[in-house]
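Undergrad: Sending over a structure as structure tokens; questions will come in a sec.
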Amino acid sequence: MPASRQKPEGPLRRGWTTGACATAATAAAYQALLTGVFPNPVTITLPRGEEPSFDLARMELDDGQATVSVIKDAGDDPDITHGAEIVVTLELGGTPGGITFHAGPGVGTVTRPGLALDVGEPAINPGPRAMMEGVVKDLSRQYANGGDPAARAVAITVS
2 MPASRQKPEG PLRRGWTTGA CATAATAAAY QALLTGVFPN PVTITLPRGE EPSFDLARME
62 LDDGQATVSV IKDAGDDPDI THGAEIVVTL ELGGTPGGIT FHAGPGVGTV TRPGLALDVG
122 EPAINPGPRA MMEGVVKDLS RQYANGGDPA ARAVAITVS
């Protein structure tokens, strides 16, 4: 019989979703592309107004591309992805094009209708997509493009 997990004593330790980790990595990658500096730790605003900070595990900056990773801390939630490295590679295009999402290694692709995403799209849920789009738009207003992220194509690959 498999070992059971017991509830920890006292209050449960808070953790973060995979989407929050991907959003933090997106924010750090985009800010590094715009400024040349990785914010470490990076702070994001969640839909309910909380502002957690995330330490960056990997930071790579090349011409027009930044890769950032965050190690997921699920807190006391028995989440199979606890401790996983959530990697985001963000690329800027030279022409207008808006924000697109791509599935890297470890991220599935929608294969059947019935989800909130179209068949063929990366399996990145609408909530995390909206958070990642939001940080790109906020940072665009703060640093570049006159606030218009569509002024350059932004490709977000989550692994």
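Numbers given in the numbering used here equal positions in the sequence shown, counted from 1, plus 1. Note that CB positions come from ideal geometry on N, CA and C, so glycine has one too. The model shown is predicted, which means the values in this text are computed figures rather than measured ones.
1. Where DSSP assigns a beta bridge to Gln66, which residues make up the other side?
2. Within its chain, find whatever has a CB closer than 6 Å to the CB of Gly98; leave out the 5 residues flanking it on each side and keep chain order.
3. Let's see if you can read the secondary structure: which residues bound the beta strand (DSSP E) around Ala25?
4. With burial defined as no fewer than 16 other Cβ atoms inside 10 Å of the residue's Cβ, what is the status of Ile45: buried or exposed?
5. Quick test of your reading: Ala28 and Phe39, contact by CB under 8 Å. State the CB separation rounded to the nearest angstrom.
6. Looking at the structure shown, is Val159 part of a helix, part of a strand, or coil, going by DSSP?
7. Only counting the same chain, and skipping five residues up and downstream in sequence, which positions put a Cβ closer than 8 Å to that of His103?
8. Just to confirm the assignment, what range does the beta strand (DSSP E) spanning Asp104 have?
9. Enumerate in chain order the residues of its own chain whose CB-to-CB distance from Gly76 is below 6 Å, with the five nearest sequence positions on each side excluded.
10. Looking at Arg113 and Val120, is the spacing between their C-beta atoms short of 8 Å?
11. Classify Leu116: buried if its beta carbon has 16 or more other beta carbons within 10 angstroms, exposed otherwise.
12. Please report the distance separating the alpha-carbon of Leu93 from that of Pro12.
13. By the three-class DSSP mapping on this structure, what secondary structure does Val43 have?
14. What does DSSP give as the partner residues of Thr110 in its beta bridges?
15. By alpha-carbon positions, which one of Gly107, Ala67 and Gln143 ends up nearest to Leu34?
16. Taking a contact to mean a Cβ-Cβ separation below 8 Å, would you say Val111 touches Ile87 in this structure?
TA: Put simply:
1. Start at 1 with the first residue of the sequence shown, and residue 66 comes out as number 65. Partner(s): Asp63 and Glu92.
2. The sequence position of residue 98 within the sequence shown is 97, counting from 1. If we look at Gly98 and ignore the five residues flanking it on each side, its Cβ neighbours are Ala154.
3. As a position in the sequence shown, residue 25 is number 24, starting the count at 1. Here Ala25 belongs to no beta strand (DSSP E); instead the alpha helix (DSSP H) covers Thr19 to Thr36.
4. Position 44 of the sequence shown holds residue 45. Burial call: buried.
5. Within the sequence shown, numbered from 1, the residue matching residue 28 stands at position 27. Within the sequence shown, numbered from 1, the residue matching residue 39 stands at position 38. Going by Cβ atoms, the distance from Ala28 to Phe39 rounds to 10 Å, so no, they are not a contact pair.
6. As a first step, residue 159 must be located in the sequence shown, where it is residue number 158. Under the three-state reduction of DSSP, Val159 is assigned to strand.
7. Here the question's residue 103 lines up with position 102 in the sequence shown. Once the five neighbours on either side are set aside, the close Cβ partners of His103 are Pro123, Ala156, Ile157, Thr158 and Val159.
8. Reading the sequence shown from its first residue, position 103 is the one you call residue 104. The sequence given here has Ala at residue 104, not Asp. Looking at the DSSP string, the run of the beta strand (DSSP E) that includes Ala104 is Ile100 to Ala104.
9. Start at 1 with the first residue of the sequence shown, and residue 76 comes out as number 75. Same-chain partners within the cutoff: Arg14, Arg15 and Gly16.
10. Position 119 of the sequence shown, counting from 1, holds the residue named residue 120. Position 112 of the sequence shown, counting from 1, holds the residue named residue 113. A contact, by the Cβ cut-off of 8 Å.
11. Stepping through the sequence shown from its first residue, residue 116 is reached at position 115. With fewer than 16 Cβ atoms within 10 Å of its Cβ, Leu116 is classed as exposed.
12. Working through the sequence shown from its first residue, we reach residue 93 at position 92. Working through the sequence shown from its first residue, we reach residue 12 at position 11. Approximately 43 Å between the Cα atoms of the pair.
13. Walking along the sequence shown from the start, residue 43 turns up at place 42. Reduced to three states, the DSSP call for Val43 is strand.
14. The count along the sequence shown starts at 1 and reaches residue 110 at position 109. Under the DSSP definition of a beta bridge, Thr110 partners with Pro123.
15. Looking up residue 34 in the sequence shown gives position 33. Ranking the options by Cα distance to Leu34, first place goes to Ala67.
16. Here residue 111 refers to the residue found at position 110 of the sequence shown. Here residue 87 refers to the residue found at position 86 of the sequence shown. Their beta carbons are not under 8 Å apart, which means Val111 does not touch Ile87 by this criterion.
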